[in-house]
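Numbering-wise, our numbering comes out as the position in the sequence shown, counting from 1, plus 4. See below for the structure under consideration.
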Amino acid sequence: MDSLDRRNNLLKIIVEEYARSALPVSSGFIVEKYFKNLSSATIRNDMAELEASGLICQPHISAGRIPTIEGYKEYLAIFVDNGEITKAERAALDKIAAFDLRQKIKEVAKVVADLANNAVFVGFGKDDYFYTGLANLFRQPEFRESAYLYDMSEIIDHLGEGLTKINGSLESDQVKILVGSDNPFGEFSSVIIARYGHHRAGLIGLLGPNRLDYKQGLGLISYAQGLLIN
5 MDSLDRRNNL LKIIVEEYAR SALPVSSGFI VEKYFKNLSS ATIRNDMAEL
55 EASGLICQPH ISAGRIPTIE GYKEYLAIFV DNGEITKAER AALDKIAAFD
105 LRQKIKEVAK VVADLANNAV FVGFGKDDYF YTGLANLFRQ PEFRESAYLY
155 DMSEIIDHLG EGLTKINGSL ESDQVKILVG SDNPFGEFSS VIIARYGHHR
205 AGLIGLLGPN RLDYKQGLGL ISYAQGLLIN
């Protein structure tokens with residue numbers, strides 16, 4: 005593995021470990037778990053290069069680092085071509101039964117929210133939307149800070165406006181990940197969104213902090229889109 009591959013892999017490790025733990029990731033932890041054949045100094049130097057490139061940062065005085073918005077974008081560009089969905093997740097979605105399409109869409113949204121442990125919103129049409137999983141979202145560590153709660157409350161209060169902004173830029177079969185300034189809901193959150201339905205008139209999206217499991221989220225929304233198109 006050359007130095008560029010190692011740094012890219014290091015970024016992947018930091019993004020995915022931070023997604024799992026919500027804690028800054030230290031060089032010592034990385035060496036112990038992933039690079040036992042390398043010195044801590046080598047990994048610290050690589051992390052310093054990632055930090056100088058604006059891909060990771062030190063949130064406070066600690067030994068650990070977390071991804072920046074640019075770091076997430078770099079990670080998505082390099083590592084997230086397709087989503088991942090487990091057999092158990094597929095089974096949970098496949099067994100949904102409902103009397104009509106609207107109810108099925110709501111049930112799919114609820115299951116995706118529970119599986120991803122975040123919130124899901126659905127746009128049925130102009131000024132007609134549904135959301136679920138807010139309890140999942142507000143249990144995330146980020147929302148222990150009142151500023152995050154306030155910002156997310158603003159998103160929910162103006163959900164229709166955000167969906168309108170996204171609607172114009174989303175192609176019919178596309179599943180899109182919006183991070184940072186690309187996300188009309190705000191830089192502190194991320195969205196994975198797709199169209200659904202016979203005429204692709206509806207929207208379904210996963211909403212969470214930037215510390216999302218993007219591979220799982222992309223897999224779940226892609227699979228939900230397929231269920232709701234058929």
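Glycine included, every Cβ here is placed at the ideal spot set by N, Cα and C. Remember, it's a predicted structure, so these values are computed and weren't measured experimentally.
CB-CB under 7 Å to residue i, same chain, minus the five flanking residues each way: which ones, in chain order?
| i | result |
| --- | --- |
| LEU48 | Looking at the sequence itself, residue 48 is Arg, so the reference to Leu does not match. SER31, listed in sequence order. |
| LEU54 | ARG11, LEU14, LEU15, ILE60 |
Here's the rule I'm using: 16 or more other beta-carbon atoms within 10 Å means buried, otherwise exposed. How should residue i be labelled?
| i | result |
| --- | --- |
| ASN86 | exposed |
| PHE103 | exposed |
| SER185 | exposed |
| PRO235 | The chain is shown from 5 up to 234; residue 235 falls before or after that span and cannot be answered. |
| GLY75 | buried |
| GLY58 | exposed |
| ASP50 | buried |
| ALA139 | exposed |
| ALA45 | exposed |
| LEU2 | The structure shown does not extend to residue 2, since the chain spans only 5 to 234, so no value can be given for it. |
| GLN178 | exposed |
| GLU158 | exposed |
| ILE73 | buried |
| ILE89 | buried |
| GLU78 | buried |
| GLY137 | buried |
| GLY223 | buried |
By DSSP's criteria, residue i is part of a beta bridge. Which residues make up the other side?
| i | result |
| --- | --- |
| PRO63 | PRO63 is not bridged to any residue. |
| ASP132 | GLY129 |
| GLY206 | TYR200 |
| PRO71 | ILE60 |
| ALA123 | LEU211 |
| LYS77 | Answer is none; LYS77 lacks a bridge partner. |
| VAL183 | SER194 |
| VAL29 | ARG69 |
Can you give the beta carbon distance from residue i to residue j, rounded, assuming they're within the 8 Å contact cut?
| i | j | result |
| --- | --- | --- |
| PHE189 | GLY166 | 5 Å |
| ARG69 | VAL29 | 6 Å |
| LEU80 | ILE181 | 6 Å |
| TYR38 | PRO71 | No, TYR38 and PRO71 are not in contact; Cβ-Cβ is about 16 Å, not under 8 Å. |
| VAL115 | ALA92 | Between ALA92 and VAL115 the Cβ distance is about 11 Å, and since that is not below 8 Å, they are no contact. |
| VAL126 | ALA117 | Contact flag wrong, Cβ pair sits at about 10 Å. |
| GLY212 | ALA151 | That pair is no contact at about 17 Å. |
| VAL84 | TYR227 | About 15 Å; that fails the 8 Å criterion. |
| ALA120 | GLN220 | 6 Å |
| TYR135 | ILE160 | 7 Å |
Whose C-beta lies closer than 8 Å to the C-beta of residue i among residues of the same chain, with five residues either side of it excluded?
| i | result |
| --- | --- |
| LEU153 | PHE142, PHE147 |
| GLY206 | ILE109, VAL126, GLY127, PHE128, GLY129, ARG199, TYR200, LEU232 |
Which same chain residues, not among the five before or five after residue i, have their C-beta less than 6 Å away from its C-beta?
| i | result |
| --- | --- |
| LEU216 | SER194 |
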